[in-house]
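Protein chains in written order, with my numbering: chain X, 87 to 525; chain P, 66 to 479; chain L, 1461 to 1775.
We put the beta carbon where it would ideally sit given N, CA and C, even for glycine.
The structure under discussion appears below in the form of structure tokens.
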Amino acid sequence: MIMLRRHWPWLLAVVILLAFPFLFYDWSKGRHSGFVLTLMSEIGVMAIFALSYNMLMGQAGLLSFGHAVLLGMGAYCAAHVVLLVKAGSFWLPTELVPLAGGLGGLFFGYVFGWLVTKQRATAFAMITMGLGELVSAAALMFMGFFGGEGGIPIDRVMDTSLVGVRYTSPWQVYCLVLVWAFIAAALMRLQMQTPLGSMANATRDNFERAQFVGYDPRMVRLYQFALAGFFAGIAGGLYALIYEIVTFDTVSAGKSANALLAVYIGGAGGFFGPILGTIVVVLLQSGVSLLSNAWLLYVGVLFIVMVMYAPGGLIGLVFMHMPIWRAGRMRELLVPYVKAFPPALLVMLGFVLLVELASFTTIGAAQGKKFSIAGNTIDTLAPMPWVVAFAALVLGGLWLRREARGFRERWDALMEGAKGVKPASDPKIQIAKTQEAMS
Amino acid sequence: MLQGKWFSALFGIVLGIAGGHALAQGTIKVAYTDPLSGPFAQVGDANLKQMQYIIDYINAKGGALGKKFELVPFDNKSQPSDALIALKSATDQNMPFIMQCSGSNIAAALIDGVNKHNDRNPDNRIIYLNCGAVATELTNEQCSFWHFRFDLHVGMKAEVMVRALPKDVTKVYLINQDYLFGQSVQREVKTYLTKLRPDVQVVGDELIPLGKVKDFSPYLTKIKASGAQALLTGNWGPDMNLLIKAGVDAGADLRYYTFYAHLAGGPTAIGVGGENRVLAVMSFGENVAPEIGNKEAEEFTKGFREKHKFDFSAAGFRTIFEYLQAAVNKAGSVDPTKIATAMEDLQVKDFLGYDTKMRKEDHQIITEYFVGIFKKGVKYEAEGTGLGWATSATVLAKDVDQPNTCKMKRPTAS
Amino acid sequence: MEVFIVSLLNGLVYGMLLFMLASGLTLILSMMGVLNFAHASAYMLGAYFAYTISQYIGFWPALVIAPLLCGLVGAAIEMWGLRRVHRNGHIAELLFTFGLALIIEKVVQMSWGLLPVPYRVPELLDFPLFKIYGTQFPAYRAFMLAISALMFGAIWLGLTRTRVGLVIQAALTHPDMASALGHNVPRIFTLVFAAGTALAGLAGVIGGNYQVTEPAMAFTMGPIVFVVVVFGGLGSLSGCFIASILMGLIQTFAVVFDVSLADLLAKFGFVVTSTTPFAEVLNVTLPRVGALLPFLMLVLILVFRPRGLMGTRDT
Chain X
87 MIMLRRHWPW LLAVVILLAF PFLFYDWSKG RHSGFVLTLM SEIGVMAIFA LSYNMLMGQA
147 GLLSFGHAVL LGMGAYCAAH VVLLVKAGSF WLPTELVPLA GGLGGLFFGY VFGWLVTKQR
207 ATAFAMITMG LGELVSAAAL MFMGFFGGEG GIPIDRVMDT SLVGVRYTSP WQVYCLVLVW
267 AFIAAALMRL QMQTPLGSMA NATRDNFERA QFVGYDPRMV RLYQFALAGF FAGIAGGLYA
327 LIYEIVTFDT VSAGKSANAL LAVYIGGAGG FFGPILGTIV VVLLQSGVSL LSNAWLLYVG
387 VLFIVMVMYA PGGLIGLVFM HMPIWRAGRM RELLVPYVKA FPPALLVMLG FVLLVELASF
447 TTIGAAQGKK FSIAGNTIDT LAPMPWVVAF AALVLGGLWL RREARGFRER WDALMEGAKG
507 VKPASDPKIQ IAKTQEAMS
Chain P
66 MLQGKWFSAL FGIVLGIAGG HALAQGTIKV AYTDPLSGPF AQVGDANLKQ MQYIIDYINA
126 KGGALGKKFE LVPFDNKSQP SDALIALKSA TDQNMPFIMQ CSGSNIAAAL IDGVNKHNDR
186 NPDNRIIYLN CGAVATELTN EQCSFWHFRF DLHVGMKAEV MVRALPKDVT KVYLINQDYL
246 FGQSVQREVK TYLTKLRPDV QVVGDELIPL GKVKDFSPYL TKIKASGAQA LLTGNWGPDM
306 NLLIKAGVDA GADLRYYTFY AHLAGGPTAI GVGGENRVLA VMSFGENVAP EIGNKEAEEF
366 TKGFREKHKF DFSAAGFRTI FEYLQAAVNK AGSVDPTKIA TAMEDLQVKD FLGYDTKMRK
426 EDHQIITEYF VGIFKKGVKY EAEGTGLGWA TSATVLAKDV DQPNTCKMKR PTAS
Chain L
1461 MEVFIVSLLN GLVYGMLLFM LASGLTLILS MMGVLNFAHA SAYMLGAYFA YTISQYIGFW
1521 PALVIAPLLC GLVGAAIEMW GLRRVHRNGH IAELLFTFGL ALIIEKVVQM SWGLLPVPYR
1581 VPELLDFPLF KIYGTQFPAY RAFMLAISAL MFGAIWLGLT RTRVGLVIQA ALTHPDMASA
1641 LGHNVPRIFT LVFAAGTALA GLAGVIGGNY QVTEPAMAFT MGPIVFVVVV FGGLGSLSGC
1701 FIASILMGLI QTFAVVFDVS LADLLAKFGF VVTSTTPFAE VLNVTLPRVG ALLPFLMLVL
1761 ILVFRPRGLM GTRDT
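Right, dumping it as structure tokens:
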């Protein structure tokens, strides 16, 4: 019972995650939407990856530009293991393939970590960047291990399952991803409470004092790095199972950047922040990119708005409400929120319309595409849509400012009442919220 | 929990719109995936323009089985994983075709993905139309019943290139990008040089890291020192542009034999300095039609030029849709298995009037190919540079009909 | 010998181009601690501005106006963006510039199209300056060398001989102390950021027609600039200069020496065959990895000397 009371969010998450794909179930054909399942599996994998990245960035204060090296190495190891199992060299249940990836990640985490953890701060960041570039270049050059440009294709149907599943459908793989995601997340959560986890925090906050306590910060960094490699490797193993191919872009700088962005957007402070961030980043990349040509611009704007107005990330925004929540006065924020919503929406719509208009007049027109909203084709060269977009943006902006002032007063008063402590908050977090909805 | 609501609402919107395409019935959908954003966006962008133009034309001619073709673009950001997500999306919506042009790594992933998908979901199959991933392996070792390649592979292109080498050239230099494609260009060109031109000596053979070299002048120094008369390269993008630019700057007396100089961006980057020096092995050039006196084809390419202020280089795409049209009509339904069977050994006269054939053994198209030289005084200039591609050699389909090692696995009757 | 001299010249030209890009970033990174991912975007903007300006009023005015425009953009970014983000820490600043780089790329794509633009060397400079062992040395390269040498001189004089320069130097090594002495450090920050961006813009103006002006040029130039700056060491302009030249020369000369580890081992009587473990790695020749050497050197120097070549403090 205590278990249930303490861990109900985890259980709830399991139920929601299992039920969610059924919203997109195609009943007429009796099959799941492969797109949704793949996307959600991707989110699962990237969430593990982002959490493992947060072991470095959040816990140990190490900014890495080459974390994907560990993901990719794990994935390549897992792929080779699958090939060996298929060839009959040894027996391994499909369910444990991610573990093989994890061990690969651990190994390479230790080897590379031995090199990179000699330094910290910017030097560490730059070494990881150099390493990332070297490994991704090597992945193209050396055919033996990396398979060159074509990568290592595998077949996940090995018929070695422990539970008698063949993993032919994305649904089965999705379930496997879920299980591993929960195992990995729980392990990483527990790791935070181990002495190593605490010492990582200590070296982050003050590495000199950590030295005085008698720990070698270098070793702390190394172990932390290797462990992060283990979890990144698990993500890599799952990646191999989902896509059934491992290519050089699993080690590329782009993947590393994704982890950094996910962690930052979600918030490095809380344990669940990176998961939130991953959801946003993956949806942006694989969802919005299908809808808009200008998705990269939205990504850029999102980052800028986030770093300017919500440096604590999404989880930071949530935590900001905690004192008020505890004081039981959330209800009083409802009205200001509701009042701020329409102008925020207006600003967002104006901005999106403007960007899309610009994008369609320049690039879209060249591609012979037409800009249409709900079936109505919009002439991007006519002045009307532009005027509407500008008006929405400017008026919405002014309105939002007005509402924001009222919101801020309300907020400050509530905070005062709740704790007497004034956190560094900004009413324009609203914008951040709308931006993220936009994306 | 506010966040959670945001996300599910967002998710719903995204998928609602993405899935919304599926509702529009009555068209034959072709999923098209290539980089449409980021640093390689120009590739997908150029292809998309030309494909739209061709599809409009084919549809105006009646489409197939009374249905129109519809192109549904997916941005894959040059990432295999995103291409596979696009594949999932396409199969979710029961699209019979997925098309992809750039990147043999993505092609390999797609072939593999399509094979597995079709094996596991016999009721929801999809055909992969390859419009430009040219690694030889794809129709040899990795060949698949579901994969049709509508561009000549590296081996064939290399043969065309070697055949176009003038008799007085006896020393050549090879520079290629250090990855699967570049390495296979290197291998194939050497193979055909020994086979067809034993008099030619390879005086230099170089691999460069993909997209990392910013200054090619040191290579030019080496090339000059080697006494080479021609530079043979499979480079594309900046690696090719900078290479040729460096060569022109250094005043090297070289001829540049390339695979990709004629594609969007190439002529602009090369500029006037490349006159009479740069040659491209190409599937089509705008000056081919006036040169052979094919008015109809000329009108077609001119139409595109006038509409988009952009060169038309992808006659191969038109061939693709003519094959699709013929195969769908022949199959009498939009069932991928039937279409794939109908496509085998199909023969179509392409719009220039040459014979082409989709080879049954390996699903590789056999089509004519051209070698163009970049020069002044042509009817249609490239990208407003004042120069254009004049055809210097035409290699007919029967001459590129190279053997293959494909062991095709066909689906058992179902 | 002839190969040596030509390579030396080429390496020098490339190194100087790198230096022009990197010098601005060195100032920004050492002083403000900002890992500015948008720096290469300023390089791209400089090239595009110059292309547009040179279409109307010629290359020479563009040489002045385009960097100034970039400087203005930089100042605006610093005043209205970075300054706000500054209090949220370095990672926030980094992500800010990252977002900026994405936006600039897209804006460039929307304004100038996806394809390369025909930004050409001005006719006045479009001739071979001299011939060296049969290889032409274009006048434009000499011009690039001259501009970058001039610029190096100007920065050096500016930093050592002017009051602002001295304050900047002070802020470079002891930012807290400088502000404690009553200097308006935020304004210096704006100045430095604008100047750094303008330098990158200038590099774009003269590098854009030497290479190819296209939307991907920022993306391809980005990492190498970081390598140069960090390799040279923070807070040291001369370190940055030496690192740039070194990187230019290394990449140029790596192409010339056609050797591999296997060849080296063969000298010691150890023959590598295809069955030797790691044969693939051992057989890689130097030209194949030439462009990667900077990254390798970066990793090595940071492992053993975290402050870089001539840095005044640890990175």
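Thr333 of chain X places its beta carbon less than 7 Å from that of Pro145 of chain P. Rounded to the nearest whole angstrom, the C-alpha separation of Phe139 of chain P and Ile171 of chain P is 13 Å. With a contact defined as Cβ atoms closer than 8 Å, Gly1661 of chain L and Ala1502 of chain L qualify at about 6 Å. C-alpha of Leu113 of chain P to C-alpha of Ser143 of chain P: approximately 15 Å in a straight line. Flagged as an interface residue toward chain P: Tyr329 of chain X, by a C-beta distance shorter than 7 Å. Between Gly1559 of chain L and Ile320 of chain X, the CB-CB gap reaches or exceeds 7 Å. At least one CB atom of chain P sits nearer than 7 Å to the CB of Phe121 of chain X.
Checking the DSSP bridge columns, you'll see Asp270 of chain P partnered with P:Leu239. Across the set X:Pro107, X:Asp112, X:Met159, the C-alpha of X:Pro107 shows the shortest separation from the C-alpha of Leu125 of chain X. For His182 of chain P, the secondary structure class from DSSP, reduced to helix, strand or coil, is helix. Contact residues of the stretch 255-287 of chain P toward chain L are Glu271, Leu272, Ile273, Pro274, Gly276, Lys277, Val278, Lys279, Asp280, Ser282, Pro283, Tyr284, Leu285, Thr286, Lys287 (C-beta to C-beta distance below 8 Å).
Exposed is the label assigned to Ile1517 of chain L, since fewer than 16 other Cβ atoms lie within 10 Å of its Cβ. Chain X places a beta carbon closer than 7 Å to that of Ile1563 of chain L, counting this residue as a contact. In the structure shown, the three-state DSSP call for Arg91 of chain X is helix. Taking Val131 of chain X as reference, the option from X:Ala444, X:Leu327, X:Pro469, X:Pro409 with the minimal CA-CA separation is X:Leu327. Between the alpha carbons of Thr432 of chain P and Ala462 of chain P lies a gap of roughly 4 Å.
Around the beta carbon of Ala272 of chain X, fewer than 16 other beta carbons lie within 10 angstroms, which makes this residue exposed.
Neighbours of Ile213 of chain X in chain L, taken as residues at a C-beta separation under 7 Å, are given in chain order as Val1759, Leu1762, Val1763. Taking 8 Å as the upper bound for CB-CB distance, Thr235 of chain P and Val265 of chain P are in contact here, some 6 Å apart. Neighbours of Phe246 of chain P in chain X, taken as residues whose beta carbon is under 7 Å from its own, are Glu235 in chain order.
Lys114 of chain P: member of the alpha helix (DSSP H) spanning 106-125, first to last residue. Comparing alpha-carbon positions, the option among L:Ala1655, L:Thr1622, L:Asp1723, L:Gly1642 lying closest to Leu1485 of chain L turns out to be L:Ala1655.
The beta carbons of Val436 of chain P and Leu344 of chain P sit closer together than 7 Å. In the three-state reduction of the DSSP assignment, Thr364 of chain X falls in the helix class, which pools H, G and I.
Annotation: Ser150 of chain X to Ala1482 of chain L spans about 22 Å, alpha carbon to alpha carbon. For Gln279 of chain X, there are no C-beta contacts with chain L under 9 Å, since the nearest C-beta of that chain is about 25 Å from it.
Gly316 of chain P carries a coil assignment under DSSP once its states are collapsed to helix, strand and coil.
In this chain, the beta strand (DSSP E) harbouring Ala458 of chain P covers 452-460. According to DSSP, residue pairing for Ile238 of chain X in a beta bridge involves X:Val332. Ala380 of chain P and Met305 of chain P have their C-alpha atoms spaced approximately 23 Å apart. For Asp243 of chain P, the C-beta contacts it makes with chain X under 7 Å involve Leu226, Met227, in order along the chain.
In the DSSP annotation of this structure, the continuous segment of the alpha helix (DSSP H) that includes Gln277 of chain X starts and ends at 256-277.
Within the stretch 144-159 of chain P, the residues whose Cβ lies closer than 7 Å to any Cβ of chain X are, in chain order, Gln144, Pro145, Ser146, Asp147, Leu149, Ile150, Lys153, Ser154, Thr156, Asp157. Non-local beta-carbon contacts of Asn183 of chain P in its own chain, meaning distances under 6 Å to residues more than five positions away in sequence, involve Arg190, Trp211 in chain order.
In this structure, the beta-carbon distance from Lys441 of chain P to Ala455 of chain P does not fall below 7 Å.
Using a Cβ-Cβ cut-off of 7 Å, Phe389 of chain X counts as an interface residue toward chain L, since at least one Cβ of chain L sits closer than that to its own.
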